[in-house]
Structures are given as structure tokens and as C-alpha cells.
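Some notes on the structure that comes next.
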Amino acid sequence: GRNKANIVSVISEIEKEGGQAGYAFAELTDPQKCKEAVDSCIARFGRIDGLVNNAGVNDSVGLEDGNHEDFMRSISRNLTHYYMMAHYALPELKRNKGAIVNIGSKTSVTGQGGTSGYAAANGGRNALTREWAVELLPYSIRVNAVIVAECYTPLYDRWIKSFPNPEERLGKITEKIPLENRMTTAEEIADMVAFLLSEKSSHTTGQLIFVDGGYSHLDRAL
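Residue numbers (this note's numbering): 4 to 225.
In C-alpha cells, the structure reads:
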């Protein structure tokens, strides 16, 4: 997220290990800010080898209680910038035969209820993953998606704590996750993203990879 203190801390850790890192804050609903973020990366590192689209929020814009304005805002917050970031990064990705990873949500395949905007945006992420995988074949650019179900992040932690009994609520969620009845960790998502960006997945493209402990596809009775 856009927590500057956290980002600066992570950058410091990377640099201590001998790596290079930088950041650019951007309001991604503004196409110009998307371009500026990409330009900032190129100015700092001289190239772009990979793009990870991973910004959005489940904003609870439903069918019954929603409206046109909120629905379109949800699409803008959760989908449009995926296209804009890829569009602006594409010249560098073509030059370097890079890779794109789109982060998506289980809501695109399972539904959730009360979140039409977010679900539609995630369906769009899946569709763009397959579409770009086809369009970018001539440039050897691989495009894949990592689909997340229940991953414990600071944002998720704040959401859980908004309930009267957070532990009870969390227990009801984890009991439905087949593999070990636990949340997916952010590190497990990051590991898959790193794999899909790397040459170790050099012949993998157009795939929707579910890192969710079997939540989306296995029998919940397990």
C-alpha cells in the first residue's frame, strides 16, 4: 500500500542485502500519474523487466444497493489502472522481453455477494491476462495472473478487527480453507509472483494461478 514508512523500511532492508530499490507514489485512477510512475522507474533503473499490477480494494458496490457512479468508480479503482500501467510500461517490456503478473481475486470465479464492482473488475483482470498473453506473443512477453482468496495483510487485519468478535470471524473464514485451515501469507503470494516473473517460468503464459490453499476449487467439506 501507500504507507511511506513501511516502503522506506523495506527499501532499507533490500539495500542492506546489496539490492537496489526505489518507490513512486501515484494515484492510479489518474492515467497521467500512472505514466509518471512508469517514467520514474525508467529514470531510476534505466529499464523495466517486469510489471506487477497489485492495487485495488473490495469496495462493496453491490447490485441492489449500488448505483452507476459507484460502480464505475469501482471499475476505475480496481481495473482501469491495470491497463494503463501495462500500456505505459509496454515499450520497455518489449525491449527486454519482460513479464506481467496481474493480481486478482477469487470473487471473479466464486462470487461473494454485495460486491459487483470488485467482482467485475477482477473478471476483467482475468480476461486481460489472457488477452495480453495472446497480443504480446510476438514480443515473447509472458502474462499471468495470481488469484488470491484469503490472504492476511494489514488491510485484512483492519477489516477483521472491525467485527465485534474478530477471532470468531477469522475462525469462520479459516475453517473453509481446505489446506491447513489457515490464511495464505503475503510471502506465499510474493513467492509465486517472483516465480512467474523469473526465467524459471519461461514457458508459462496466459495462466490464472490460484494461491489460495484450495479455497476456490476444492470441496469445502474436506
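By construction, the Cβ of each residue, glycine as well, lies at the ideal position given by its N, Cα and C atoms. Just so it is clear, the structure is predicted and the values come from calculations on it, not from any experiment.
- A40 is the residue among A122, A40 and P34 whose C-alpha sits nearest the C-alpha of Y26.
- Using a Cβ distance threshold of 8 Å, I176 and I144 do not count as a contacting pair.
- At a Cβ-Cβ threshold of 8 Å, G120 and S77 count as neighbours.
- A straight line joining the alpha-carbon of S111 with that of G49 spans about 36 Å.
- Judged by pairs of C-beta atoms under 8 Å, the region 154-167 does not touch the region 86-101, as fewer than three such pairs exist.
- Under the DSSP assignment, L54 falls in the beta strand (DSSP E) whose first and last residues are G53 to N56.
- Runs of beta strand (DSSP E) with 3 or more residues, each lying fully within the region 14-77, are found at 53-56, listed in chain order.
- Across the structure, Q23 and S15 are spaced so that their CA atoms are roughly 9 Å apart.
- The residue from I17, E20 and N9 with its alpha-carbon nearest to that of F28 is N9.
- Distance from the Cα of M75 is smallest, within the candidate group Y91, A92, T118 and N57, for T118.
- Where R161 is concerned, the enclosing alpha helix (DSSP H) starts and stops at P157 to I163.
- Per DSSP, the unbroken beta strand (DSSP E) holding L211 starts and ends at L211 to V214.
- Remark: three or more beta-carbon pairs, one from each stretch, lie closer than 8 Å, so the region 52-61 and the region 82-94 are flagged as touching.
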